[in-house]
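Residue numbers (our numbering): 1 to 715. A short write-up of the structure that comes next.
Put into structure tokens, the structure is as follows:
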């Protein structure tokens, strides 16, 4: 199971003073650095204690503004060029007193706190097979391969990823990294006169420099979903194979201030970017942010936003910025691989526009790796990438035309009826064309260009149609050597002759539309033999069951290869290595579990079996027996928390950690922990703080109740 990663925040603010050499004066940078340091050492901080956001009335003179700032004893951090009259101030009086002074000033339109945004962790092309959102055949995907037959993107179209930054040299993203061609790298000159020196690849609004490197992972993940390079034999594939991702970092290790988010939006608009992805939100209405989004609309900008992970109705309990009424916002909920709304996603008949895949989404993360995450943060970049794909094909369209097309061509989904404006989920192919979509057919095993060292193989495929639904039973199989085979979603073939076989699956829907696909199978001379089924085939297990897989492998020429067996699932990809493995977090659905072994000559053999994980019908019970232990290694301090598992159907745990510095406990910060040993380690907790934690178990139905709080521990 992945982890839900959604940036939870309160927003407001604006942009840098563009006449300053680094986008910010030296005094402003010093004050900003002080506030960021405070943020990094204050786990429970919800807003800046000294910063406020103010918007002056249009008729306020320069002297009127200066007098207002003087009364609040405030220095200017930023003056917006996106929203007229909007400023970020830092006050010696403290934010509450400065707010009071400014709100009573007749020249002030409004004043707001500068709130804090935090990453909120809640449970969860070699790897292309993992991307169910793009290539799954059950009909709940984006129909991406069909869309890519029409367009793989405009290489000059820029998407702003307003987030935690991006791994700039990621092997699957670097070719699609935005470059400011008007800026000369490393010459310490603002060549294009936009107020930012050496902004060659976006900007870091958290540290106020040109290094937008991601230290969190969230931004790299959303960037990969939008624009990982396609067809490059590496990693994963983005919705948009050819585009430019502009990383705009505004979230640091313990969150970021609201003002930085709007500074990032202003930068994107100033640089002519038409689409931004915004996988963050909060429950506080802030006029300054909606004003900034409105100004972006005037400039022709489409603002795609994650609907939120509260599991609630945002018509009743809004989540901002997705719930703002600005027309240029597309608010995106999440769906899973069955077309259902996962328990965490926010929804809203009038406040949420559309849904997109947001469960088990594999994408790029720092370190040139990939990771599965869950959340509307993962759904939103699918829509942002799709909007860029559509806009690249239709460069004369406006943001309104792009939004209307995406919503009008959403595929209607039963679980979404009455839950969002469109009543459906994103369909890339439908958005790009008016032509009818033939049945979607995928051969799920074996993979393309399979090499077998045994004369038998299990063929599996899935097929769906927009009119007929799931039509896998109608799949017809044929072999270029053996001729007509069986019909149905699975076909066992024995006694294959040595040599090349072209195996074709085809299906016809009720409209007479036909789809077919062919793979090549090479039957090799004898090599490794894998024996011993992992478990009894076609058996069902309840979610959370501990299932042990065992097999052995032997090769006539190379000997015993059992330790090299690789285990994989058709739904979850790689599972582990060795003769025996055990897992308790297999996702609900039908898995083809395969044990494969390869000899040093590259000859591979596999042994598949089929099992079904039944979804849990109830939430798990809360853990108990919470305890602490603390240890120090060099300069690093570690706190190991542990608990007792009281349930048998959970797939992961949430660990909530809260702190206090005086007498008040902060709001808890939730960390995801995959199922396994019932422990979690906090690394380098802040000195001088008192910590406590609680734990809950999670499965596909939802979370258990929280356990009781642990005893507190002062570091």
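C-beta: ideal position from N, C-alpha, C; glycine also.
In this structure, the beta-carbon distance from residue 388 to residue 157 falls below 8 Å.
Apart from the 5 residues on each side of it in sequence, residue 473 sits with its Cβ closer than 6 Å to the Cβ of 488 in its chain, given in chain order. Here residue 379 is buried. Its C-beta has 16 or more other C-beta atoms within 10 Å. Under the three-state reduction of DSSP, residue 176 is assigned to helix. About 45 Å separates the CB atoms of residue 107 and residue 225; that is not less than 8 Å, and the two are not in contact. Shown here, residue 366 sits in coil according to DSSP, grouped into three states, outside any helix or strand. Here residue 317 is not near residue 331, since their CB atoms are 8 Å or more apart. In the three-state reduction of the DSSP assignment, residue 234 falls in the coil class, being assigned neither a helical nor a strand state. Contact annotation: residue 72 and residue 101 have beta-carbon atoms nearer than 8 Å. Beta-bridge analysis with DSSP links residue 86 to 55. When secondary structure is reduced to three states using DSSP, residue 693 falls in the strand class.
Where residue 37 is concerned, the enclosing alpha helix (DSSP H) starts and stops at 26 to 40.
Bridge partners of residue 501 according to DSSP: 521.
For the pair residue 567 and residue 561, the CB atoms are not nearer than the 8 Å cut-off.
Secondary structure note for residue 625: it is in no alpha helix (DSSP H), and the uninterrupted beta strand (DSSP E) holding it is 624 to 633. C-alpha of residue 238 to C-alpha of residue 496: approximately 37 Å in a straight line. In terms of Cβ geometry, residue 386 and residue 435 do not form a close pair [threshold 8 Å]. Scanning 341, 478 and 569 for the CA closest to the CA of residue 313 turns up 341. When the Cα atoms are used, residue 433 and residue 304 turn out to be separated by approximately 22 Å.
Pairing residue 418 with residue 240, the inter-Cα distance amounts to about 30 Å. Beta-carbon to beta-carbon, residue 334 and residue 358 are separated by about 3 Å, close enough to satisfy the 8 Å threshold. Here residue 250 is near residue 264, since their CB atoms are less than 8 Å apart. When secondary structure is reduced to three states using DSSP, residue 78 falls in the strand class.
For residue 591, the uninterrupted beta strand (DSSP E) run begins and ends at 589 to 598, by DSSP. Within the stretch 405 to 435, the complete alpha helix (DSSP H) runs of at least 4 residues fall at 428 to 432. Here the alpha carbons of residue 344 and residue 584 stand approximately 21 Å from one another. In this structure, DSSP gives residue 401 a helical state, which the three-state scheme calls helix. Looking only at 651, 93 and 577, the smallest Cα-Cα distance to residue 549 is reached by 577. Taking a contact to require three or more Cβ pairs closer than 8 Å, the stretch 145 to 154 and the stretch 204 to 214 do not qualify as touching.
For residue 507, the number of other beta carbons within 10 angstroms of its own is at least 16, and it is reported as buried.
Taking residue 448 as the centre and dropping the five residues before and after it, the same chain places the C-beta of 519 and 520 closer than 8 Å to its C-beta, in chain order.
Residue 638 holds the alpha-carbon nearest to the alpha-carbon of residue 682 among 638, 571 and 689. No residue range can be given for residue 184, since it is assigned to no alpha helix (DSSP H) and is classified by DSSP as neither H nor E. Leaving aside the five residues that flank residue 162 on each side, the residues in its chain whose CB is nearer than 6 Å to its CB run, in chain order, 248, 264, 276 and 278. The C-alpha of residue 709 is placed about 34 Å away from the C-alpha of residue 51. Excluding five sequence positions before and after residue 582, the CB atoms of its chain that fall closer than 8 Å to its own CB belong to 546, 547, 548 and 549, given in chain order.
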